[in-house]
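Protein sequences appear in the order of chains P and R. Each residue of the first sequence is one higher than the last, beginning at 1 in our numbering. Each residue of the second sequence is one higher than the last, beginning at 1 in our numbering. Backbone N, C-alpha and C define an ideal beta-carbon position, used for all residues, glycine too. These notes concern the structure reproduced below.
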Amino acid sequence: MALTAEGTTKFADAKGVKLHYHEAGAGPVLIVVPSPGTGASAWGQFKYNIDGLSRHFRVILLNLPPAGQSDKTITYDGPRHAFYAKVLLDFMDSLGIEKAHFIGGSPGALPVMKFAIDHPERADKLVLQCPPMGRPSMFTPWPWEGSRLSQVVRQDPSRENVLRQMESMIPREDLRTEEFTNDRFAGVNDQETNEASRRITGPSEDLSPDLGKITHPCLIVWGLNDRDVPLDHGLRLAQLLPNARFHVYGNGIGHFPNYERPREYDRLVIDFLSN
Amino acid sequence: MATQTLTEESTSNYVQAGSIRLHYNEAGAGHPLIAIHGGGPGASGWSNFNVNIGPFSEHFRTMLMDMPQFGKSDPVVVDEERAIFNAKAIKDALDALSIEKTHFLGNSMGGATTIRFATMFPERTASVVLMGPAGYLYSPFTPPPLEGIKALFKYWEEPTRENMKQIVDLFIYEESLKTEELVDRRHNAALAHPEHMEARAKSSRVQSDLLTVAPQITARTLIIWGREDRFSPLDHGFNLLARIKDSQLHIFPHCGHWCQYEKADEFNRLVIDFLTHDD
Numbered sequence: 001m002a003l004t005a006e007g008t009t010k011f012a013d014a015k016g017v018k019l020h021y022h023e024a025g026a027g028p029v030l031i032v033v034p035s036p037g038t039g040a041s042a043w044g045q046f047k048y049n050i051d052g053l054s055r056h057f058r059v060i061l062l063n064l065p066p067a068g069q070s071d072k073t074i075t076y077d078g079p080r081h082a083f084y085a086k087v088l089l090d091f092m093d094s095l096g097i098e099k100a101h102f103i104g105g106s107p108g109a110l111p112v113m114k115f116a117i118d119h120p121e122r123a124d125k126l127v128l129q130c131p132p133m134g135r136p137s138m139f140t141p142w143p144w145e146g147s148r149l150s151q152v153v154r155q156d157p158s159r160e161n162v163l164r165q166m167e168s169m170i171p172r173e174d175l176r177t178e179e180f181t182n183d184r185f186a187g188v189n190d191q192e193t194n195e196a197s198r199r200i201t202g203p204s205e206d207l208s209p210d211l212g213k214i215t216h217p218c219l220i221v222w223g224l225n226d227r228d229v230p231l232d233h234g235l236r237l238a239q240l241l242p243n244a245r246f247h248v249y250g251n252g253i254g255h256f257p258n259y260e261r262p263r264e265y266d267r268l269v270i271d272f273l274s275n
Numbered sequence: 001m002a003t004q005t006l007t008e009e010s011t012s013n014y015v016q017a018g019s020i021r022l023h024y025n026e027a028g029a030g031h032p033l034i035a036i037h038g039g040g041p042g043a044s045g046w047s048n049f050n051v052n053i054g055p056f057s058e059h060f061r062t063m064l065m066d067m068p069q070f071g072k073s074d075p076v077v078v079d080e081e082r083a084i085f086n087a088k089a090i091k092d093a094l095d096a097l098s099i100e101k102t103h104f105l106g107n108s109m110g111g112a113t114t115i116r117f118a119t120m121f122p123e124r125t126a127s128v129v130l131m132g133p134a135g136y137l138y139s140p141f142t143p144p145p146l147e148g149i150k151a152l153f154k155y156w157e158e159p160t161r162e163n164m165k166q167i168v169d170l171f172i173y174e175e176s177l178k179t180e181e182l183v184d185r186r187h188n189a190a191l192a193h194p195e196h197m198e199a200r201a202k203s204s205r206v207q208s209d210l211l212t213v214a215p216q217i218t219a220r221t222l223i224i225w226g227r228e229d230r231f232s233p234l235d236h237g238f239n240l241l242a243r244i245k246d247s248q249l250h251i252f253p254h255c256g257h258w259c260q261y262e263k264a265d266e267f268n269r270l271v272i273d274f275l276t277h278d279d
């Protein structure tokens, strides 16, 4: 019995901010926070895992504004992660969720970390999937290959440019499905979301000085062939966080381990969150 | 399912591996799994893996094998690169036991042995787990010899309890695990077999850079490291990950060179999951 986007769609009002999310399963709450930027929605990025994870947790796939059908009216130019961390807090309060595990997908992991810094008692365990930890990379000169391609796609989201970006993000051809590419293509061509993204302009704060405060058990996940966020960012995070395990998938895995190795990823995450 | 209480005595076995009599501790049924200990003084299969054999034996025919010149195996002189010598002995043991193919858990020297075995006898190798493997000559970030290795050499030159305490202090991360009892046990185990020390003194000291052969490994491989390992450098883990095609790397925080002991529960679950699935 597969879950569907429509069947799991819900809406919340987080102190005036409309949030679109998907919910399935019962048990401890697990909030999945993918990138709020342009690209596939929360469902598009994590539909591959919601079946497996919802057998053990009350899973919430959250669209941070303006992703999915979440609020597209916000104009904001302050610190980005603090803003989204507040959205998380208001979201949890609106649903009466006291405490939750989190999965943060790439840039989505940054507000998750900020949330754990600012509201430690509201976060249980954290899964942090290839978050960019600011510049520089110890080995990869800026701009990174993925950043360059993202810029190209932002300027011209043609099918050809999206395909080029997909080849870089998911290097293994056998793992790159039409479905994943189509979801991404639709996402980067969603004019309403793109326009709304351009109104959230604030800087990305450097969380490094406060990472030592995150004493929660963390699991950092990366693909060895990630060309969007260099691997050394994960190692740096593993050294700066007091209590983080670091798992790297080889064998050609790129920027979406939850999609590229779904069954292994599900088991790794379920084991980490359950023990 | 309750785990029977396994003891060193109740699991003790011997096999004639060619000209070498090898001792091993065995428990459980199912797919064979061989665990190979590290090369420190007083090391043996049981001393390295006694908190793992129980859970593993619920899924695998688990064998903790004492390498030549260790534990209750023969105190033979090793006349070539130790990892190659060990791999050949293991192959002879598998033949004697009529075991076609086996999983491997290799810790430190055992990891180097496993890498050699997987490249010399790929058809006898199922899945591979390497814990802080040896077999490196160079490290860009932590110049060899590492502190822990220096402490090992100091003990071999002068096997005193104080020098063993030094080793234990560098070996494990958590202070509470560095017990006097552990120091005594390892020191006494080393002293109990002077014949191993004598054979060691006459043995080859040849070491190779196994990064040169790692790309030949076709087996599924899980590489595990303690973030605070002072015996095998962390960058070696990344070097192996980049060279072994079907591999993964898992780093435990607050963990030294004995991850299967320091993080026993997490380690057991992670490795059993890896060995019982192929996706």
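- Of the residues assessed, W142/P falls on the exposed side of the cut-off, its CB having fewer than 16 other CB atoms within 10 angstroms.
- Contact check between the stretch 122-131 of chain R and the stretch 146-162 of chain R: fewer than three CB pairs, one atom from each, fall below 8 Å, which does not count as touching.
- Residue pairing by DSSP places K18/P opposite D13/P in a beta bridge.
- Judged by their CB atoms, T221/R and I244/R are nearer to each other than the 7 Å cut-off.
- None of the residues of the stretch 136-170 of chain R has a beta carbon lying less than 7 Å from any beta carbon of chain P.
- Here R230/R is buried, its C-beta having at least 16 other C-beta atoms within 10 Å.
- Taking C-beta atoms as the reference points, D77/P and T201/P count as a pair closer than 7 Å.
- Within 7 Å of the CB of D271/P, the CB atoms of chain R belong to R269 and D273, in sequence order along the chain.
- Spanning the alpha carbons of D279/R and S106/P requires a straight line of approximately 23 Å.
- Looking at L268/P, R80/P, D226/P and N243/P, the one whose alpha-carbon comes closest to that of P217/P is N243/P.
- For the stretch 76-103 of chain P, the full-length alpha helix (DSSP H) segments reaching 4 residues or more read 80-95 along the chain.
- Interface flag for P253/R against chain P is set, since a Cβ pair is found closer than 7 Å.
- Within the stretch 236-250 of chain P, the residues whose Cβ lies closer than 9 Å to any Cβ of chain R are, in chain order, A238, Q239, L241, P242, N243, A244, R245, F246, H247, V248, Y249 and G250.
- About 24 Å separates the CB atoms of H101/P and D71/P; that is not less than 8 Å, and the two are not in contact.
- T11/R and E26/R have their C-alpha atoms roughly 5 Å apart.
- Between the alpha carbons of M197/R and H277/R lies a gap of roughly 41 Å.
- Taking a Cβ-Cβ threshold of 9 Å, none of the residues of chain P is close to L105/R; the smallest such distance is about 18 Å.
- Chain R has no Cβ within less than 7 Å of the Cβ of R58/P.
- Inclusion of R58/P and G25/P in the CB contact set at 7 Å is warranted, their separation being smaller than that value.
- Of all C-beta pairs linking the stretch 177-194 of chain P to the stretch 38-46 of chain P, three or more are shorter than 8 Å, placing the two stretches in contact.
- Closest by C-alpha distance to E98/P, out of V112/P, P28/P and G187/P, is P28/P.
- Cβ contact annotation for E266/R (same chain, cutoff 8 Å, sequence separation greater than five): F252, in chain order.
- Check the Cα spacing between T8/P and each of D118/P, H56/P and L61/P: the tightest is with L61/P.
- With the criterion set as a beta carbon lying under 8 Å from some beta carbon of chain R, the stretch 33-62 of chain P has no members that meet it.
- Around E178/P, no beta-carbon contact reaches into chain R at under 8 Å, the shortest distance being about 21 Å.
- Contacts with chain P (Cβ-Cβ distance below 8 Å) from the stretch 240-266 of chain R involve L241, A242, I244, K245, D246, S247, Q248, L249, H250, I251, F252, P253, H254, D265 and E266, listed in chain order.
- Only L224 from the stretch 216-234 of chain P bring a Cβ to less than 7 Å from some Cβ of chain R.
- Excluding its 5 nearest sequence neighbours in each direction, G44/P has C-beta neighbours in its own chain below 6 Å: D183, listed in chain order.
- Taking 7 Å as the cut-off, the beta carbon of G135/R is found closer than this to the beta carbon of A112/R.
- Contact of D235/R with chain P is not assigned, every C-beta pair being separated by 7 Å or more.
- Beta-bridge annotation (DSSP): S176/R is not paired with any residue.
- Less than 7 Å separates the beta-carbon of G71/R from that of H23/R.
- Residue state for L33/R is assigned as strand, using DSSP reduced to three classes.
- Judged by beta-carbon spacing, L19/P lies within the 7 Å limit of F91/P, meaning their Cβ atoms are closer than that value.
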